[in-house]
Each structure stands twice: as structure tokens, then as C-alpha cells.
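Those letters in the sequence shown? Residues 4 to 171, by the numbering used here. Glycine included, C-beta positions come from ideal geometry on N, C-alpha and C. If you're wondering where the values come from, they're calculated on a predicted model, not measured in any experiment. Below is one structure, written out as C-alpha cells, with a few remarks after it.
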Amino acid sequence: MPVLKNAKHERVAQALAKGLSAEKAYAAAGYKPHRGNAARLSANESIKARVAQIQQKQVSRIVEHAAINAREEMQMLRSLVRDAREAGDIRSAMQGQMFILECFGFKDLPTLTHEMLGDRSANTAAGPPTAERQAEVVKKNVLQFGRVHQELERLAGPRVIEHDPTRK
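Written out as C-alpha cells, the structure is:
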């Protein structure tokens with residue numbers, strides 16, 4: 004939905020998207036304060052659609068920014084682990100590697116071993132992991148990433164970004 008043609012309506016939508024009450028948004032747009040008119044205007048379908056669009060853009064920006072920050076942080080952590088390994092500080096390198104694994108849902112090395120290789124200690128005759136078991140592990144990891152993404156969206160949802168009309 005493009006910017007509303009009525010400039011005051013657009014200002015109301017922007018103020019509502021920032022989290023102002025209908026009455027405060029109505030006054031901030033330049034209207035004479037009136038609770039009934041504010042409620043009626045904020046219930047207007049075009050204004051509600053515009054508010055939803057503005058909020059969706061805000062959430063998308065937050066999620067994108069968070070994803071970029073997480074990627075940068077993970078790359079920095081991986082480089083620190085690599086530097087520790089190259090410097091001969093195996094203990095720090097292992098702790099960093101274990102932290103990275105925990106970030107992806109693996110709590111300890113036995114869990115990692117069982118999830119990635121199958122439980123060979125319980126049944127040594129089982130042989131190498133099957134394609135079904137590997138597919139199950141991949142599915143589990145995808146679900147874990149999905150839960151992380153949902154939690155990120157939940158946390159990013161209520162936050163509000165100030166509107167900058169010069170930014171596209």
C-alpha cells in the first residue's frame with residue numbers, strides 16, 4: 004500500500020505505528036483533539052492497512068539487522084576459535100567450539116555424537132548411520148533454526164523504529 008493521499012491520515016497512521024494511542028495520534032496529525040473522531044479515523048480500513056504495512060517494514064528491518072549481527076558475531080567467534088587453535092591454546096579453542104555448538108542446540112559432546120553419528124555405544128552392531136537417521140537429524144536441526152527464528156520475530160515484534168521519510 005502506498006503512502007496515503009491525505010497527509011493528515013498518513014501522519015495518523017505513522018503515529019499509530021509508533022505506538023501512540025488513537026487520540027494522541029489524531030492530535031499529533033494536526034486535528035483538534037476529539038476522542039470519538041480519533042477512534043473512528045483509527046478504525047478506517049485504509050489507515051489500519053497502512054499501519055500494518057509500516058509495522059511489517061519495521062519488523063523486517065529489525066529481523067534483517069539482527070540476522071546480520073548474528074552472522075557477524077558468529078564469524079568473529081569462529082575467527083577467535085581459529086586464532087586460539089593456531090596459537091596452541093587448545094583449551095580456549097575447544098571452549099569456543101563447544102559454545103558455537105551450543106548456539107546450534109547441541110548441549111554436550113555425547114549429544115553431538117549421538118545426534119550426528121547415531122548411538123553406536125548402545126548398539127555396536129548397528130553399523131554406520133542410515134540415510135533415514137541422517138534425514139531425521141537434518142530435520143531436527145531445521146526445526147531448531149525455525150524455533151530460533153520464531154523467537155527472534157517474537158522479540159522484534161513489539162519494538163518500534165522511528166519513521167524516517169528519507170530512508171527507503
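Check your understanding: If you draw a straight line from the C-alpha of A16 to the C-alpha of G99, how long is it?
Key -> 47 Å
Review point. Under 8 Å, do V54 and A20 count as touching if we go by C-beta distance?
Key: yes
Point to revise | Neighbourhood of L80 by C-beta, 8 Å cutoff - its chain only, sequence neighbours within 5 removed | key: G99, F102, I103
Practice item. Look up F107 in the DSSP assignment and say whether it is helix, strand or coil. Key: coil
Exercise for review: Check L83 in the structure and name its three-state DSSP category.
Suggested key: helix
Check your understanding: Does the distance from the CB of A31 to the CB of A18 come in under 8 Å?
Key -> yes
Point to revise | Nearest-angstrom Cα separation, counted from E48 out to L7 | key: 12 Å
**Study point:** Selection from A25, H68, K35, E75 that minimises the alpha carbon distance to K51
**Key:** A25
Check your understanding: First and last residue of the alpha helix (DSSP H) that includes H12?
Key -> 10 to 21
Point to revise | Cβ neighbour criterion (16 or more within 10 Å) applied to A28 | key: buried
**Study point:** Contacting residues, own chain, Cβ-Cβ under 7 Å from R38 (five flanking each side not counted)
**Key:** E26
Review point. Under a three-way DSSP split, which group does N40 fall into?
Key: helix
Exercise for review: Could you tell me whether the Cβ of V66 comes closer than 8 Å to any Cβ of chain E?
Suggested key: Within the model displayed, chain E is absent; a lone protein chain is all it includes.
Exercise for review: Give every residue of the same chain whose Cβ lies closer than 8 Å to the Cβ of S45, excluding the five residues on either side of it in the sequence, and list them in chain order.
Suggested key: V15, L19, A25, A28, Y29, K51
Practice item. Classify I57 as buried or exposed, calling it buried when 16 or more other Cβ atoms lie within 10 Å of its own Cβ. Key: buried
**Study point:** Within 8 Å, strictly: CB atoms of A96 and A87
**Key:** yes
Practice item. Kindly indicate which three-state DSSP category A32 falls into: helix, strand or coil? Key: coil
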